[in-house]
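Colleague: Just so you know, we're using this note's numbering here: the sequence shown kicks off at 52 and counts up by one. Just so it is clear, CB atoms sit at the ideal spot from N, CA and C, and this is done for glycine as well.
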Amino acid sequence: MEFVYNHFPNLERSADQLLQSLVQTLQMVFGSGVISFCLGIFFGVCLVVMRRGGILQNIILYTVLEKTINVIRSVPFLILIIILIPLTRLIMGTTIGVQGAIVPLVIGTAPFFSRQVETAISEVDDGLVEASVAMGMSPLMIIWRVYLRESIPALARVTQITTINLISLVTLAGAVGAGGLGDFAIRFGHMHGMRDLMWITIAIILVMVSIVQGLGNIVIKKTTR
Numbered sequence: 052m053e054f055v056y057n058h059f060p061n062l063e064r065s066a067d068q069l070l071q072s073l074v075q076t077l078q079m080v081f082g083s084g085v086i087s088f089c090l091g092i093f094f095g096v097c098l099v100v101m102r103r104g105g106i107l108q109n110i111i112l113y114t115v116l117e118k119t120i121n122v123i124r125s126v127p128f129l130i131l132i133i134i135l136i137p138l139t140r141l142i143m144g145t146t147i148g149v150q151g152a153i154v155p156l157v158i159g160t161a162p163f164f165s166r167q168v169e170t171a172i173s174e175v176d177d178g179l180v181e182a183s184v185a186m187g188m189s190p191l192m193i194i195w196r197v198y199l200r201e202s203i204p205a206l207a208r209v210t211q212i213t214t215i216n217l218i219s220l221v222t223l224a225g226a227v228g229a230g231g232l233g234d235f236a237i238r239f240g241h242m243h244g245m246r247d248l249m250w251i252t253i254a255i256i257l258v259m260v261s262i263v264q265g266l267g268n269i270v271i272k273k274t275t276r
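(1) Starting from E117 and walking both ways along the alpha helix (DSSP H), at which residues does that stretch end?
(2) Can you tell me the Cα-Cα spacing of V180 and V197, whole angstroms?
(3) Can you look up T275 in the DSSP assignment and give me helix, strand or coil?
(4) Could you give the C-beta distance for Q211 and G159, rounded to a whole number, given that I count them as a contact under 8 angstroms?
(5) Could you tell me which uninterrupted alpha helix (DSSP H) segments, each at least 4 residues in length, are contained entirely in the segment 202-238, listed from first to last along the chain?
(6) Which one of F163, L107, A226 and V157 has the shortest CA to CA distance from S125?
(7) Give every residue of the same chain whose Cβ lies closer than 8 angstroms to the Cβ of E174, excluding the five residues on either side of it in the sequence, and list them in chain order.
(8) If we count Cβ pairs, one from each stretch, closer than 8 angstroms, do we get three or more for the segment 127-134 versus the segment 99-115?
(9) Helix or strand or just coil, what does DSSP make of N268?
(10) Does the distance from the C-beta atom of L69 to that of L77 stay below 9 angstroms?
(11) Quick test of your reading: V149 and A229, contact by CB under 8 angstroms. State the CB separation rounded to the nearest angstrom.
(12) For S261, which of helix, strand or coil comes out of DSSP?
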């Protein structure tokens, strides 16, 4: 405790705000992460099955979806937050705090994850897909039993990468009123000159990233054949 007091003198009086900021960060990561995961899996699968030669080939829908994803991915996240203010207010009723951050976080993450899912699923052997078609399996069964099941290790890997990227976006969102550790680091660590709190915030974020990496590696090892 003496070490803590000597090196982090502002921690004790700011502990409550730090804990609140950590909870807000976890809420944003988990809330937007779950939605982005579901959307990313859906759109990633659509990109694979609707492309030329896919089991549900539809060039028009594929082109529209691909171009939309590319456009959204090309917009810097801070600009995306500003552009989405009317939509965020319409859906969530506010543009600040945890609720106000969910919409831009999802729209900023889902297209990135969709591309990652497309890449992961594309690694499935075409011979397995062709054999499944020859056996008379329906497209839905092929998607579930072949594409998704066979690519679990790759999907775990891209989910790990996307979650770490999402943590960065959540921290960045704190700079524009979303709250969380990013806001805490700016308000207390930078604006109030409490450098010790800045380092504590960085350490917490590094721990979060390490936990995500560790869990992802465990899943990858257990599912790799």
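Modeller: A quick look at the data gives this:
(1) In the DSSP assignment, E117 falls within the unbroken alpha helix (DSSP H) covering I110 to S125.
(2) Distance between V180 and V197, taken at the CA atoms: about 7 angstroms.
(3) Three-state result, T275: coil.
(4) A Cβ-Cβ distance of about 18 angstroms is found for the pair Q211 and G159, leaving them out of contact under the 8 angstroms criterion.
(5) Annotation note: the segment 202-238 contains the following uninterrupted alpha helix (DSSP H) runs of length 4 or greater, listed N- to C-terminal: 203-224 and 231-235.
(6) Checking every option, the nearest Cα to that of S125 belongs to F163.
(7) Closer than 8 angstroms at Cβ, skipping near neighbours: S202 and A205.
(8) With a cut-off of 8 angstroms, the segment 99-115 and the segment 127-134 do not count as touching, because too few Cβ pairs lie within range.
(9) Residue state, collapsed to three classes: helix.
(10) Cβ distance not < 9 angstroms, so L69 and L77 don't count as in contact.
(11) With a Cβ gap of about 7 angstroms, V149 and A229 count as contacting.
(12) Helix at S261.
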